[in-house]
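As they're listed, the protein sequences go chains A and B.
Residues in the first sequence are numbered consecutively from 1, following this note's numbering.
Residues in the second sequence are numbered consecutively from 1, following this note's numbering.
Beta carbons: idealized from backbone N, C-alpha and C, even for Gly.
Reviewing the structure listed below.
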Amino acid sequence: MATDGPTPLERFISGILPENPVYRQLLGMCPTLAVTNGMQAAMTMAGATTFVLVMANLITSLIRNLLKPHLRILVFTLTIATFVTIADRFLAAYLYQMSKQLGPYIPLIIVNCIIISRCEICASKQGPFTAIADALGMGLGFTVALASIATIREVLGSGTWFGLRVLPEMWPDWVLMVLPPGAFLTLGLLLGTVNWLSSIKARKAKG
Amino acid sequence: MHYFIELILIGITAALIKNFVLYYFVGICPFLGVSRKIDTAFGMGMAVTFVITIASFLSWTFTTFILRPGAPFTAWIWGMINPGSEVVVDLSILSYIIYIFVIASSVQFVEMYVRKFFPPLYKQFGVFLPLITTNCAILFACLEIMKHVSGVPDATRWGLPEALVLAIGGGLGFTIAISIMAGIREELDMCDVPEALKGPGIALLVAGILALAFMGFTGVDRGLASLFS
């Protein structure tokens, strides 16, 4: 079953950049915009999402032969909701401050389109090993996207990175960057940059 | 009177000051995907408002009577099984699963209703109607209500009116944002946008400027509150 389509390794790599969930597929925009005003929050979010993605993909792939077509989306959603509850309780127990800061965005992982789309496209048709490789690749791609946005926003917005000072004290903090509009502007410009770079690459490949 | 003003403030906050899309970033997917024509955008906004209201009503009911720590219905059942037990039963760990179930079934219900009574509208929505299930705005409204119902002292617990006002305010705020966005994008179609920014790129930049404009509403709630009190 795992022989059709790309191999697990190819799937893993394609999730990171060529099919990056945020820049290429425009999925999972809510957390991408909402929690990227600091690196710590962004990385916690990326970790939680990757955990849920891997577990949901694994379970979906194990029960793929039992799924009924008209009920599958419901089954996916309930599986995801279960693992999000686990992640939520875990964060509340061990990283209480972070869990408070992320607030409703941890439960909102349930409706993150990345996870449902991976369950639907990959895990419900492939074996567990392929599904996990795919989930790890997509999770890593999501992490890279969140990290790039959070870096720009935190460095320009508060002059720090992971809470450590990187710009000199005299840097006038661009408060706009940590406020909601900064998220839209940063993601819009980054999206444009990624498109521009890949169009240059395509033109070079053509000769 | 005081209670009434509080309700108005909750509604205005949800619709304008802390707009679901432009402040909390929930419901971005339809905001970028369905905002090409004003008619469709407005219809989508109305459908979301409708579903949000139903889902909020149901989730408020479930949270208040079953899920929150010390909920009456759960306590009653528990008392029947273990008479004389002093334990406070807390089912809030099930909240997320129940909410997503409630949302999925209300979307199903709305879909059947629209298909039966408004066939043209149904045709226009097409695939977007089932997609409302994965619209973060609805789950977000349920979670906001849960924050004010579950695990808070009795005096500050939200009743049904607060929950419904939050839901309708949030839904209308979503409709306002998505309609403005559609209006701008209709004009953008005639502009010369750089190749790399075409589509979602320019839409996000426009949304950024819109969010900046909506930040102008900050403080309106405090102003209104001091005006009335």
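Any Cβ of chain B within less than 7 Å of the Cβ of residue i?
i, result
"residue 35 of chain A", "no"
"residue 55 of chain A", "no"
"residue 256 of chain A", "Residue 256 of chain A lies beyond the stretch modelled for chain A, which goes from 1 to 207, so this question has no answer here."
"residue 181 of chain A", "yes"
"residue 192 of chain A", "yes"
"residue 110 of chain A", "yes"
"residue 18 of chain A", "no"
"residue 188 of chain A", "yes"
"residue 146 of chain A", "no"
"residue 184 of chain A", "yes"
"residue 156 of chain A", "no"
"residue 29 of chain A", "yes"
"residue 174 of chain A", "no"
"residue 67 of chain A", "no"
"residue 91 of chain A", "no"
"residue 58 of chain A", "no"
Please go through the same chain and pick out, in chain order, the residues whose beta-carbon is closer than 7 Å to the beta-carbon of residue i, but skip the five residues on each side of it.
i, result
"residue 189 of chain B", "none"
"residue 144 of chain B", "166"
"residue 46 of chain A", "142, 143, 146"
"residue 17 of chain B", "217, 218, 220, 221"
"residue 36 of chain A", "42, 146, 149, 150, 153, 183"
"residue 44 of chain B", "30, 34, 128, 178"
"residue 64 of chain B", "71, 149"
"residue 75 of chain B", "89"
"residue 121 of chain B", "43, 114"
"residue 138 of chain A", "15, 21, 53, 114, 118"
"residue 23 of chain A", "145, 191, 194"
"residue 61 of chain A", "123, 126, 127, 128, 131"
"residue 173 of chain B", "14, 15, 16, 19, 20"
"residue 3 of chain A", "Bear in mind that the predicted position of residue 3 of chain A carries a pLDDT of just 48, short of 50, making it unreliable; the figure below should be weighed with that in mind. Nothing meets the Cβ criterion."
"residue 118 of chain B", "none"
"residue 104 of chain B", "133"
Who are the near neighbours of residue i in its chain, counting only those whose CB is closer than 6 Å to its CB and skipping five residues on each side?
i, result
"residue 34 of chain A", "105"
"residue 102 of chain B", "55, 58, 59"
"residue 31 of chain B", "21, 178"
"residue 44 of chain A", "98"
"residue 62 of chain B", "98"
"residue 90 of chain A", "none"
"residue 64 of chain A", "124"
"residue 140 of chain A", "16"
Can you round the beta-carbon distance between residue i and residue j to whole angstroms, since I take them to be within the 8 Å contact cut?
i, j, result
"residue 146 of chain B", "residue 106 of chain B", "The pair is not a contact, with the Cβ atoms about 16 Å apart (cut-off 8 Å)."
"residue 211 of chain B", "residue 67 of chain B", "With 8 Å as the limit, residue 211 of chain B and residue 67 of chain B do not qualify as a contact, their Cβ atoms being about 33 Å apart."
"residue 144 of chain A", "residue 16 of chain A", "6 Å"
"residue 158 of chain A", "residue 190 of chain A", "Between residue 190 of chain A and residue 158 of chain A the Cβ distance is about 19 Å, and since that is not below 8 Å, they are no contact."
"residue 113 of chain A", "residue 28 of chain A", "6 Å"
"residue 53 of chain B", "residue 171 of chain B", "7 Å"
"residue 58 of chain A", "residue 128 of chain A", "6 Å"
"residue 133 of chain A", "residue 11 of chain A", "5 Å"
"residue 47 of chain B", "residue 110 of chain B", "7 Å"
"residue 139 of chain B", "residue 93 of chain B", "Not a contact, Cβ separation roughly 17 Å."
Would residue i count as contacting chain A if we go by Cβ distances under 7 Å?
i, result
"residue 140 of chain B", "yes"
"residue 89 of chain B", "no"
"residue 231 of chain B", "What is shown of chain B runs 1 to 229, which leaves residue 231 of chain B out entirely."
"residue 134 of chain B", "yes"
"residue 100 of chain B", "yes"
"residue 193 of chain B", "no"
"residue 207 of chain B", "yes"
"residue 48 of chain B", "no"
"residue 211 of chain B", "yes"
"residue 13 of chain B", "no"
"residue 21 of chain B", "no"
"residue 67 of chain B", "no"
"residue 28 of chain B", "yes"
"residue 204 of chain B", "yes"
"residue 145 of chain B", "no"
"residue 97 of chain B", "yes"
"residue 197 of chain B", "yes"
"residue 228 of chain B", "no"
Excluding the 5 residues flanking residue i on each side, which residues of the same chain have their C-beta closer than 8 Å to its C-beta?
i, result
"residue 163 of chain A", "38, 39, 40"
"residue 185 of chain B", "35, 36, 203, 206"
"residue 38 of chain B", "179, 182, 183, 186"
"residue 225 of chain B", "5, 9"
"residue 87 of chain A", "48, 51, 52, 106, 109"
Quick one: complete alpha helix (DSSP H) runs, 4+ long, within the region 79-141 of chain B?
95-117, 119-125, 128-131
Of the residues that make up the region 71-85 of chain A, which ones have a beta carbon closer than 7 Å to any beta carbon in chain B?
74, 77, 78, 81, 82, 84, 85
Going along the chain, which residues of the region 101-131 of chain A sit with their C-beta nearer than 7 Å to a C-beta in chain B?
104, 107, 108, 110, 111, 113, 116
Go through the region 3-53 of chain A residue by residue and report every complete run of the alpha helix (DSSP H) that reaches 4 residues or more, in order.
8-16, 29-34
Alpha helix (DSSP H) runs wholly inside the region 60-109 of chain A, at least 4 long, in chain order:
72-94, 96-102
Interface positions of the region 104-117 of chain B facing chain A (Cβ-Cβ less than 7 Å), listed along the chain
104
Under 9 Å (Cβ pairs) to chain A, residues found in the region 161-180 of chain B
Within the region 161-180 of chain B, contact with chain A at the beta-carbon level (separation under 9 Å) is assigned to no residue.
Interface residues of the region 213-226 of chain B facing chain A [CB-CB below 8 Å]:
215
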